[in-house]
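Chemist: Starting off with a structure, shown below.
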Amino acid sequence: KLPQEIQNTLKDQMINLAISLNVVGLVNAQFAVRKNEVFIIEVNPRASRTVPFVSKATGNQLAKIAAKTMIGIPLKDQKIKTSTSMKFFSVKSPVFPFNKFPDTDPILGPEMKSTGEVMGIGRTFGEAYIKAQNATGITIPQSGTVFISVRDPDKTTSLLKLSKFLAKKEFKIIATDGTSRFLNDNNIQSHQINKVHEGKPHILELIRGGTIDLIINTTEGKQPIKESLAIRAEAVIRNVTYYTSLEAAIATMESFDYFNIMNVTKLQDCYKVE
Numbered sequence: 001k002l003p004q005e006i007q008n009t010l011k012d013q014m015i016n017l018a019i020s021l022n023v024v025g026l027v028n029a030q031f032a033v034r035k036n037e038v039f040i041i042e043v044n045p046r047a048s049r050t051v052p053f054v055s056k057a058t059g060n061q062l063a064k065i066a067a068k069t070m071i072g073i074p075l076k077d078q079k080i081k082t083s084t085s086m087k088f089f090s091v092k093s094p095v096f097p098f099n100k101f102p103d104t105d106p107i108l109g110p111e112m113k114s115t116g117e118v119m120g121i122g123r124t125f126g127e128a129y130i131k132a133q134n135a136t137g138i139t140i141p142q143s144g145t146v147f148i149s150v151r152d153p154d155k156t157t158s159l160l161k162l163s164k165f166l167a168k169k170e171f172k173i174i175a176t177d178g179t180s181r182f183l184n185d186n187n188i189q190s191h192q193i194n195k196v197h198e199g200k201p202h203i204l205e206l207i208r209g210g211t212i213d214l215i216i217n218t219t220e221g222k223q224p225i226k227e228s229l230a231i232r233a234e235a236v237i238r239n240v241t242y243y244t245s246l247e248a249a250i251a252t253m254e255s256f257d258y259f260n261i262m263n264v265t266k267l268q269d270c271y272k273v274e
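Following UniProt numbering, the numbering of the sequence shown begins with 1 at its first residue and continues without gaps.
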């Protein structure tokens, strides 16, 4: 989650950009945040795929509002709901076609690899997230065996919290040497397994044998990414749920309590302001 200070900075920069560019109507901007520093990637005076998502998330018909501003009706004269009145969370999740293109590396980067998007709405982030994940067709196991192998920067208290949670949910943890030692040194039981280049028995054998139910594998650098490609490819073939970022795995952890709780609320009720 972005700190409130960063959220305020993004909001202020977006307003300043729109005013400075004399935009009347819709404008789309892309930002990046690294180490709490905000970078602007691009600004386009046009609509984007974000418009229908934000419209449904806020209850504001953005296309209609934008059209009215373009014919001279100012925003102050239009009834616009503010974000502070929202009583629910909205999550947008990408849909990936990796199962149809098994030769494509499913690791994510700056280039777009998704072919669609879905939306989940809930009274908590976890509820909204699990609804969105279900809509993409991803099956999140609630127990079984999890394989964890992370890069050194991800060997943090966040990983420990995630691993403890999975262990409490009765997941058996299997990890590569460095990750396993980190977990065991912090009193989290894990079983060590070889990387592919370290020789048999290695992780690919377990995936092919149907032993692995969940994969959390983060990596960086050209050689490590190349070496872990076989794991990601095999996960796609075997339909094993996998995460290539610690943040995504942690977000999934927050949704576990909502697996069997699917509240359905009319959009009209979501938009009511109390």
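For each residue, glycine too, the CB sits at the ideal point set by N, CA and C.
Do T115 and P141 have their C-beta atoms closer together than 7 angstroms?
Modeler: No, they are not a contact pair.
Chemist: Excluding five sequence neighbours on each side, which residues of the same chain lie with their C-beta closer than 6 angstroms to the C-beta of V43?
Modeler: Excluding residues within five positions, the ones whose Cβ falls inside 6 angstroms are L17 and A29.
Chemist: Thinking C-alpha only, which one of F165, I19, F147 and I203 is nearest D257?
Modeler: The shortest Cα separation from D257 among F165, I19, F147 and I203 belongs to F165.
Chemist: For S228, which three-state DSSP category applies?
Modeler: S228: coil per DSSP, three-state reduction.
Chemist: In angstroms with no decimal places, state the Cα-to-Cα distance between N239 and Q133.
Modeler: Whole-angstrom Cα-Cα distance: 15 angstroms.
Chemist: For F31, which residues in the same chain have their Cβ closer than 7 angstroms to its Cβ, ignoring the five residues on either side in sequence?
Modeler: Taken in chain order, the residues that qualify are L10, V38, F39, I40 and I41.
Chemist: Relative to the C-alpha of A249, which residue among K161, D105 and Q61 is closest?
Modeler: Here the closest residue by C-alpha is K161.
Chemist: Using the Cβ count rule (16 or more neighbours within 10 Å means buried), how would you classify S255?
Modeler: S255 should be labelled buried.
Chemist: My output table needs one value for P52: the three-state DSSP class, helix, strand or coil.
Modeler: Reduced to three states, the DSSP call for P52 is helix.
Chemist: Do the stretch 181-193 and the stretch 214-225 make contact, defined as three or more Cβ pairs closer than 8 angstroms?
Modeler: Short answer: they don't touch.
Chemist: What is the rounded straight-line gap between the Cα of F89 and the Cα of K56?
Modeler: The alpha-carbon atoms of F89 and K56 are separated by roughly 11 angstroms.
Chemist: Quick one: what's got a C-beta closer than 7 angstroms to K272's C-beta in the same chain, skipping five residues either side?
Modeler: Within the same chain, K272 has no close Cβ partners at all.
Chemist: Excluding the 5 residues preceding and the 5 following S20 in the sequence, name in chain order all residues of the same chain whose CB lies nearer than 7 angstroms to its CB.
Modeler: Same-chain partners within the cutoff: there are none.
Chemist: Whole angstroms are fine: how far does the CA of K76 sit from the CA of G144?
Modeler: C-alpha separation (whole angstroms): 55 angstroms.
Chemist: From which residue to which residue does the alpha helix (DSSP H) around residue 283 run?
Modeler: Any property of residue 283 remains undetermined from this structure, which presents the chain solely from 1 to 274.
Chemist: How far does the alpha helix (DSSP H) with R208 in it extend, from its first residue to its last?
Modeler: Per DSSP, R208 belongs to the alpha helix (DSSP H) from I203 to R208.
Chemist: For F101, count neighbouring Cβ atoms within 10 angstroms of its own Cβ and tell me buried if that reaches 16, exposed if not.
Modeler: The residue is exposed, with fewer than 16 neighbouring Cβ atoms inside 10 Å.
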